[in-house]
Structures are given as structure tokens and as C-alpha cells.
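Worksheet: the structure to be examined is printed underneath.
Protein chains: 2
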Amino acid sequence: MKLEDAIKQIAFKSEEERLVINLVYTSGWLSSEQNRFFKRFHISSQQYNVLRILRGQYPNPASVGLIQERMLDKMSNASRLIEKLKQKKLIKRSECSKDRRQVDVLVTQEGLLLLEEIDKLSNEMNGICDTLNLKEKKILNELLDKLRN
Amino acid sequence: MKLEDAIKQIAFKSEEERLVINLVYTSGWLSSEQNRFFKRFHISSQQYNVLRILRGQYPNPASVGLIQERMLDKMSNASRLIEKLKQKKLIKRSECSKDRRQVDVLVTQEGLLLLEEIDKLSNEMNGICDTLNLKEKKILNELLDKLRN
DNA sequence: ACAAAACTAGTGTATATACATATATTGTCA
DNA sequence: TGACAATATATGTATATACACTAGTTTTGT
Chain H
1278 MKLEDAIKQI AFKSEEERLV INLVYTSGWL SSEQNRFFKR FHISSQQYNV
1328 LRILRGQYPN PASVGLIQER MLDKMSNASR LIEKLKQKKL IKRSECSKDR
1378 RQVDVLVTQE GLLLLEEIDK LSNEMNGICD TLNLKEKKIL NELLDKLRN
Chain G
1278 MKLEDAIKQI AFKSEEERLV INLVYTSGWL SSEQNRFFKR FHISSQQYNV
1328 LRILRGQYPN PASVGLIQER MLDKMSNASR LIEKLKQKKL IKRSECSKDR
1378 RQVDVLVTQE GLLLLEEIDK LSNEMNGICD TLNLKEKKIL NELLDKLRN
């Protein structure tokens, strides 16, 4: 849907203003699509993101700092997400022997299995961009990269 | 920065996966830029959004439902945002005489003045897309609209 | 006319996030 | 070595959001 119709605004002052608002609106739309997708697995998209990072390190553990560095939404609550995942037995947390300030975080077998389940259905999630052809997806990817420069 | 460097991931399985992750990452980036911008005005970007909608209706009041319908992030807490704005005296809330279920929400003079202040500096916010030229901004706007179809 | 359905706003609970701060541990350097 | 800075993680507080639910009001259908 055209942005103007979606938020019932007649016009924007500039292409820049429209772009900022379009990005905010689209990200809200995407976020709700994602949360709907992940709901059946009883995790949030943020928790999935942490699991994905941990699988990237597997079988090595990752520190909280490393996770935070690689998270999509940088933040200060990797600790709390890890605590939630631990309660669900999807990760394990243990004291790092080399540096007792750090914590070794490791995805469990249960966590890896869940990731596989999600992978099987990930085409469903990625399908939200079926409205674009491959060339358009590439251009969109490039423009987003360039925007953040 | 290229997405792969930003989140230290070597490759993506598909253009689709990269796009979904790129959108999530970019929206997190934008959201933190916005919150930094709005901080000096002591409001959040969501509260600004509500004020902007109310100005669009001014001098007519808006119902909570109308505000919710036009919000960028659709949600169930327009009530709570309105309560926060009322505490800051940026809006007024009164019972709607025509339909006693509804509430008339109206931006105050103080709220309108704040919006003017923000408008003066909005080029600073919109400046985050200076890395793109006008044609690229237009294409990005079009692709985002198309994506949500 | 009146009971049932639909609507409007608000609230309770859980999660996520920003920011500041606390606590424990390690590194540095005079 | 001993004081102090730097680092890693956790926590407190405030805000935002999703979802389910409540209470009051209006509309609908017979």
C-alpha cells in the first residue's frame, strides 16, 4: 500500500521526510510480521537473533559482549535476553575460566534443534519480500547499505 | 557500512534473507538516530508521531481510535502515549459529547509550539538520508511501498 | 423495546529497549 | 606493589509494545 494511504496523510514536505517516515512505517510492518512468524516457536525475533549468533560460534561459546556486538539492534540488554533463553533451556551459561568477568554462553542441542525447525520454515518469513523481483531486492539491499553510510 | 561488516556475518543464504536482516538492522539504526534527535525535546519519536497526527486534525479534536489508525507503529497503547503527553501538557483530553465512549484529544498551544520548534530542526533529522541523492531516495521510497504490498 | 453484538477506551501482564549505575575482575603504570 | 583506570556483566528505572481482557456505551436485529 502506498504510504500516503496507509497513514492517511495527503502529502509530505520533501522526499527526505517521506523516506524517514516510510522507513519507520515499513520497519513497524516488518517487525509485526516477524513477531507473528516467531510466535509459534515461543520466542521473540530478538531471542532468535541471539540464538543465530550462538550457532555461528558453535561449538565455541560466545561472551555476552560478542553477542551484543553482533546483535541487529544494539542495546544494553543482551544479559536479559540470555536469561530468558536460559529459562527456556535453549542456551547454557557458565563462568569463563580465562576471564572471570566474562560468561561463556553456548547454544544447547535443544536450541540447535529449534533453529533447524525455524530454518525449515524460513522461506515463509523471507516470502514477505516476494512482491519484489530479484533485481529490485538487490537494489533495495544496496540502497539500505548506502543510506547508513 | 556494508551489512556483512556491521553484524560480522560472512554471507547470507539468499538475497531475501539478506533483505529481511538488512531492514531490521536499518530500522534499529534509524530508530536510535531518531530517539537521539527527539531527546532534546523531552519526547519520544512515538509521542512526536501522535502530536503530528493531532496537528493534522487541528483545530478539530481526534479520537483515540483515529490516532491509533494513523500511527506508524500500529498498536494498542495509544491510550498510554496520550496519557504521557497529557502529563506534559502537550495535549488535552475531554469526553466526547456525541459519543460518550469516545474521547476528544486536542493538541494544546504548548504542543503546537513544540512542533514548530521541532520543524525548525527537522532538516537535521532528514539529513540522515543525505548519503542518497534525490533519485535514489525516490527509488528507495518506491521499493519500500512495493515491498509492503 | 430490548437483548445481543459491536464498538471505544483503558488496564494488567510480559517482553524489549535506552540509559545510568553497580559490582566484580583485570590491566596499567608510577 | 598498590592505586587507579578499564572492562564485563548485571540491575534499576522509565518508556514502548503485543496481547488479552474489562467496563461502559452505542448499534443492531427481531
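Chains as they are written, first to last, in the numbering used here: chain H, 1278 to 1426; chain G, 1278 to 1426.
For each residue, glycine too, the CB sits at the ideal point set by N, CA and C.
Exercise for review: Mark glycine 1342/G as exposed unless 16 or more other C-beta atoms lie within 10 angstroms of its C-beta, in which case mark it buried.
Suggested key: If you number the second sequence from 1, residue 1342/G lands on position 65. Result: exposed.
* To do: Would you tell me roughly how many angstroms separate the C-alpha atoms of lysine 1423/H and glycine 1305/G, rounded to the nearest one?
  => In the first sequence, counting from the first residue as 1, residue 1423/H sits at position 146. In the second sequence, counting from the first residue as 1, residue 1305/G sits at position 28. CA-CA distance, lysine 1423/H to glycine 1305/G, rounds to 15 Å.
- How would you list, in chain order, the residues of chain H whose beta-carbon sits under 8 Å from the beta-carbon of asparagine 1312/G? By 1-based counting over the second sequence, the position of residue 1312/G is 35. Within chain H, no C-beta atom comes nearer than 8 Å to that of asparagine 1312/G; the closest sits roughly 12 Å away.
Are any of the Cβ atoms in chain H nearer than 8 Å to that of lysine 1415/G? Here residue 1415/G refers to the residue found at position 138 of the second sequence. Interface residue, yes.
| said: Against asparagine 1426/G, what residues of chain H qualify as contacts under a CB-to-CB distance less than 8 Å, listed in chain order? | reply: Here residue 1426/G is taken as the residue at index 149 of the second sequence, counted from 1. What asparagine 1426/G touches in chain H: Met1278 and Thr1408.
task = Report yes if the CB atom of glutamate 1387/G is closer than 8 Å to the CB atom of leucine 1367/G, and no otherwise.
result = By one-based count along the second sequence, residue 1387/G stands at place 110. By one-based count along the second sequence, residue 1367/G stands at place 90. Result yes, Cβ atoms of glutamate 1387/G and leucine 1367/G sit closer than 8 Å.
Check: Would isoleucine 1284/H pass as a contact of arginine 1347/G if the rule is Cβ separation under 8 Å?
Finding: Locating residue 1284/H in the first sequence gives position 7, where the first residue counts as 1. Locating residue 1347/G in the second sequence gives position 70, where the first residue counts as 1. Yes; because the gap between Cβ atoms is below 8 Å, this pair is in contact.
Query - Per-residue contacts from serine 1291/H into chain G (C-beta, under 7 Å) - result: Taking the first sequence and counting its residues from 1, one reaches residue 1291/H at position 14. Neighbours of serine 1291/H on chain G, chain order: Asn1403.
| Range covered by the beta strand (DSSP E) that runs through arginine 1430/G | Because chain G in this structure spans residues 1278 to 1426, residue 1430/G falls outside the shown range and cannot be described.
>> Would serine 1340/H and glutamine 1364/H qualify as a contact pair, given that the criterion is a beta-carbon distance under 8 Å?
In response: Numbered from its first residue, the first sequence carries residue 1340/H at position 63. Numbered from its first residue, the first sequence carries residue 1364/H at position 87. For serine 1340/H and glutamine 1364/H, no; Cβs fall outside 8 Å.
**Prompt:** So what does DSSP say about isoleucine 1405/H, is it helix, strand or coil?
**Reply:** As a first step, residue 1405/H must be located in the first sequence, where it is residue number 128. Three-state result, isoleucine 1405/H: helix.
*Distance between glutamate 1360/G and glycine 1404/G (C-alpha atoms, nearest Å)*: Here residue 1404/G refers to the residue found at position 127 when the second sequence is read from its first residue. Here residue 1360/G refers to the residue found at position 83 when the second sequence is read from its first residue. CA-CA distance, glycine 1404/G to glutamate 1360/G, rounds to 31 Å.
Could you tell me which whole alpha helix (DSSP H) segments of length 4 or greater appear in the stretch 1331–1358 of chain H?
Assignment of alpha helix (DSSP H) within the stretch 1331–1358 of chain H, counting only whole runs of 4 or more residues, yields 1341–1347 in chain order.
Can you grab the Cα-Cα spacing for the pair methionine 1402/H / serine 1322/G, in whole Å? The sequence position of residue 1402/H within the first sequence is 125, counting from 1. The sequence position of residue 1322/G within the second sequence is 45, counting from 1. When only Cα atoms are considered, methionine 1402/H and serine 1322/G end up about 28 Å apart.
> Is DSSP giving glycine 1399/H helix, strand or coil here?
Replying inline: On the first sequence, position 122 is the one that residue 1399/H refers to. For the record, residue 1399/H in the displayed sequence is serine; it is not glycine. Under the three-state reduction of DSSP, serine 1399/H is assigned to helix.
Which partner residues of leucine 1383/G appear in the DSSP bridge assignment? The count along the second sequence starts at 1 and reaches residue 1383/G at position 106. For leucine 1383/G, which the question treats as bridged, DSSP gives the partners Lys1369/G.
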